[in-house]
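Notes for the one structure printed next.
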Amino acid sequence: MGMRLYQFFIFLCLVIPVISSAEEAAPPPAGELYRNDFSAAETGKPGKEFLILDGKFTIVDVEGNRMLELPGEPLESYGLLFGPSQKEGVQVEGRMLSESTRRTFPAFGIGLNGVSGYRVLVAPAKKSIEIYRGTEVKATAPFTWKSGAWTHLKLEVATTSEGKWLVKAKVWQEGSEEPADWVSFEDAKEPPKGRASIWGTPFSGKKIYYDDLVVRSAVP
1 MGMRLYQFFI FLCLVIPVIS SAEEAAPPPA GELYRNDFSA AETGKPGKEF
51 LILDGKFTIV DVEGNRMLEL PGEPLESYGL LFGPSQKEGV QVEGRMLSES
101 TRRTFPAFGI GLNGVSGYRV LVAPAKKSIE IYRGTEVKAT APFTWKSGAW
151 THLKLEVATT SEGKWLVKAK VWQEGSEEPA DWVSFEDAKE PPKGRASIWG
201 TPFSGKKIYY DDLVVRSAVP
């Protein structure tokens with residue numbers, strides 16, 4: 001009996017690492033181009049996969065959950081780029097958290113097609129979300145933001161049968177259902193090829209947090 005138990009123990013020691021390795025090597029979901037939940041990231045300065053445009057972004061650990069942090073000051077607009085460079089047929093998603101202070105609110109968002117491309121911004125002071133191309137607002141929709149709660153953002157760029165580009169976005173608070181409808185506009189001007197991005201302006205003086213960044217191919 002002792003020998004059998006010993007042999008079974010050896011078997012487990014050999015098999016379990018193989019199973020673990022297979023799980024670790026599992027391919028990403030179909031169409032997924034990039035994912036980062038920061039769980040495996042070292043705290044401190046972000047790695048070389050990020051291109052910081054401006055701002056002192058750092059990776060922090062908050063109650064056992066690692067995420068990207070933008071300081072609450074100075075009160076300027078900041079951003080960074082991540083993921084592969086794409087022009088169309090692509091979607092980016094992430095979630096963000098910040099707080100208001102009295103009557104001041106942060107602004108934050110996610111983007112595609114590089115610095116001069118598209119972005120969807122949550123503008124709590126205006127009680128709305130706004131889709132930009134560069135610095136120009138192209139579409140807006142009402143949105144009630146909740147201070148201190150995670151906000152999910154999704155942005156997509158795809159071509160249309162008329163040779164234009166459909167840019168659409170949706171935003172929702174964590175704990176509520178993802179909305180079925182998109183806020184969108186059609187762009188006749190060809191967008192630049194570029195990487196995904198995140199943005200933040202800490203008007204309220206509070207930190208802005210970013211987590212669960214995903215870039216995937218858009219579903220036709």
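In the numbering used here, the protein residues as written are 1 to 220.
Beta carbons are placed, not taken as given, at the ideal position from N, Cα and C, and that holds for glycine.
field: Contacts around I52, its chain only, beta-carbon distance under 6 angstroms, and the 5 residues preceding and following it disregarded
entry: Same-chain partners within the cutoff: L80.
query: Touch check for the region 162-172 and the region 201-212: three-plus C-beta pairs under 8 angstroms?
result: They do not touch, by the three-pair rule.
- request: Give a yes or no on contact between the region 155-164 and the region 87-100, applying the rule of three or more CB pairs nearer than 8 angstroms.
  value: A contact exists between the region 155-164 and the region 87-100.
task: Could you say which of G148, F105, P202 and L97 lies nearest to A125 if we only look at CA atoms?
output: Ranking G148, F105, P202 and L97 by Cα distance to A125 puts F105 first.
- request: Pick helix, strand or coil for K254, following the three-state DSSP scheme.
  value: Residue 254 is absent from the structure shown; the chain starts at 1 and stops at 220.
message: Classify K206: buried if its beta carbon has 16 or more other beta carbons within 10 angstroms, exposed otherwise.
response: So K206 counts as buried.
Residue burial classification, R119 (beta-carbon count within 10 angstroms, cutoff 16): Burial state of R119 is buried, judged by a 10 Å Cβ sphere holding 16 or more other Cβ atoms.
query: Given 8 angstroms as the limit, is there contact between the region 34-52 and the region 182-193, that is, 3 or more CB pairs closer than that?
result: With the cut-off at 8 angstroms, the region 34-52 and the region 182-193 do not touch.
- request: State the CB to CB distance for the pair Y34 and D54, rounded to an integer number of angstroms; the pair is presumed to be in contact (CB under 8 angstroms).
  value: Going by Cβ atoms, the distance from Y34 to D54 rounds to 22 angstroms, so no, they are not a contact pair.
query: Does the Cβ-Cβ distance between A196 and L97 come in under 8 angstroms?
result: Contact: no.
- request: Between the Cα of P74 and those of V62, E88, F57 and E63, spot the shortest distance and give me the residue it belongs to.
  value: Per the Cα distances, F57.
field: Runs of beta strand (DSSP E) wholly within the region 56-127 (minimum 3 residues, chain order)
entry: If one requires a minimum length of 3 residues, the beta strand (DSSP E) runs lying completely within the region 56-127 are 58-62, 65-70, 78-86, 90-97, 107-112 and 118-123, in chain order.
- prompt: Comparing alpha-carbon positions, which option in T201, K189 and G200 lies nearest G163?
  reply: If you compare the alpha carbons of T201, K189 and G200 with that of G163, the shortest gap goes to K189.
query: DSSP on G205, reduced to helix/strand/coil?
result: Residue state, collapsed to three classes: coil.
- request: Work out the CA separation of L166 and D187 for me, nearest whole Å.
  value: Spanning the two alpha carbons is a distance of roughly 6 angstroms.
Coarse secondary structure for V160, derived from DSSP in three states: Contrary to the premise, residue 160 reads as Thr rather than Val in this sequence. It is coil, neither helix nor strand.
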